[in-house]
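Undergrad:
Numbering (this note's numbering), first residue to last: 106 to 359.
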């Protein structure tokens with residue numbers, strides 16, 4: 106979305122793979138040593154070792170994605186203060202999405218129940234979950250920070266496009282807002298080879314078990330997977346970590 110807002114929905118590179126236009130900062134550190142590169146072009150952005158080459162040759166303004174916790178981000182960010190969009194999501198949906206992602210791309214073999222235990226114990230990559238969110242929530246009012254939630258994007262994507270455009274200092278027409286919102290909808294993205302990452306899944310097809318990279322993109326899918334006991338555990342875990350915080354979301358477990 107932010108790339109389309111900055112460059113325009115009709116930019117000729119809109120059809121170029123997202124990993125080229127919007128590099129994943131820590132990608133090389135996440136790739137397994139046995140990742141199958143056979144058949145991949147030497148300049149493929151998903152090929153291990155290419156991320157930094159792309160970052161170092163990109164022209165300004167650069168768009169870069171990361172899931173890293175605030176303390177692990179480059180220290181220069183807090184001096185230079187580039188524009189940063191932070192997106193959070195209901196932890197229950199994050200857990201379910203992360204489980205299927207791990208099955209698809211990371212060869213996870215155990216049950217969902219085991220994964221839930223690891224998630225609640227903050228023993229997965231990018232943990233601890235709540236401090237990750239709350240660290241950015243505390244600085245949400247800084248001029249270079251835009252704090253967003255996945256749920257509000259699902260509820261009113263055109264409205265979020267407008268907010269992102271205003272944040273990035275871009276004036277776009279009402280027609281462009283709707284076109285970008287449609288282009289960035291889950292339905293459109295899941296069919297778009299430039300962003301659906303099916304090439305990554307295909308390269309690791311022995312692990313993917315036929316699952317798609319873009320699975321559902323829904324709010325509340327956790328209800329189809331978590332047991333009553335797991336929901337209770339999530340509630341206790343959430344309320345414990347949000348005690349004393351003014352973060353108002355994801356507290357309602359009714």
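Quick reminder that beta carbons are idealized off the backbone N, C-alpha and C, glycines included.
Could you pull out every residue in the same chain whose Cβ sits closer than 7 Å to the Cβ of residue 265, ignoring the five residues on either side in sequence?
TA: Result list for residue 265: 253, 257, 258, in chain order.
Undergrad: Going by beta carbon distance, what residues of the same chain come within less than 7 Å of residue 338, once the five residues before and after it are set aside?
TA: 225
Undergrad: Counting only the same chain and skipping the five closest in sequence on each side, list residues whose C-beta sits under 7 Å from that of residue 310.
TA: Caution is warranted here: a pLDDT of 47 is assigned to residue 310, below 50, making its placement in the model unreliable, and no coordinate value can be reported.
Undergrad: Compare the C-alpha of residue 202 against each of 241, 333, 322 and name the closest.
TA: 322
Undergrad: Which first and last residues belong to the beta strand (DSSP E) in which residue 254 is found?
TA: 250-254
Undergrad: DSSP has residue 191 in a bridge; who is on the other side?
TA: 252
Undergrad: Excluding the 5 residues preceding and the 5 following residue 308 in the sequence, name in chain order all residues of the same chain whose CB lies nearer than 8 Å to its CB.
TA: Because residue 308 carries a pLDDT of 47, less than 50, the predicted location of this residue cannot be relied on, and no value is offered for it.
Undergrad: Less than 8 Å between the C-beta atoms of residue 126 and residue 168, yes or no?
TA: One thing to note: residue 126 has its Cβ within 8 Å of the Cβ of residue 168.
Undergrad: Relative to the C-alpha of residue 231, which candidate in 208, 246, 175 has its C-alpha closest?
TA: 175
Undergrad: Run through DSSP, which three-state label would residue 214 get?
TA: Of the three classes helix, strand and coil, the one that applies to residue 214 here is coil, per DSSP.
Undergrad: Measuring straight from C-alpha to C-alpha, what distance separates residue 128 and residue 122?
TA: 10 Å
Undergrad: Distance, Cα to Cα, residue 106 vs residue 285?
TA: 7 Å
Undergrad: Rounded to whole angstroms, what's the CA-CA distance from residue 324 to residue 205? Just pull it up for me.
TA: 15 Å
Undergrad: Assign residue 356 to one of two classes, buried (16 or more other C-beta atoms within 10 Å of its C-beta) or exposed (fewer than that).
TA: By the Cβ neighbour-count rule, residue 356 is exposed, with fewer than 16 other Cβ atoms within 10 Å of its own.
Undergrad: Determine the direct distance from the alpha carbon of residue 170 to that of residue 269, and round the result to whole angstroms.
TA: 15 Å
Undergrad: Could you tell me whether the stretch 235-244 touches the stretch 345-354, using the rule of 3 or more Cβ pairs below 8 Å?
TA: yes
Undergrad: Consult DSSP for residue 158 and reduce its assignment to one of helix, strand or coil.
TA: helix
Undergrad: Which value, in whole angstroms, describes the spacing of the CA atoms of residue 132 and residue 153?
TA: 8 Å
Undergrad: Check the DSSP bridge columns for residue 127 and list the partner residues they point to.
TA: Partner(s): none; residue 127 has no beta bridge.
Undergrad: Give me the Cα-Cα distance between residue 199 and residue 109, rounded to the nearest whole angstrom.
TA: About 25 Å.
Undergrad: Could you check whether residue 166 and residue 111 sit closer than 8 Å to each other, using their CB atoms as the reference points?
TA: yes
Undergrad: Taking only the alpha-carbon atoms, compute the straight-line gap between residue 249 and residue 187 and give it to the nearest angstrom.
TA: 6 Å
Undergrad: Whole angstroms are fine: how far does the CA of residue 295 sit from the CA of residue 392?
TA: Shown here, the chain extends from 106 to 359; a query on residue 392 therefore has no answer.
Undergrad: Residue 340 bridges to which residues according to DSSP?
TA: Per DSSP, none; premise fails for residue 340.
Undergrad: Would you tell me roughly how many angstroms separate the C-alpha atoms of residue 277 and residue 193, rounded to the nearest one?
TA: One C-alpha to the other measures close to 25 Å.
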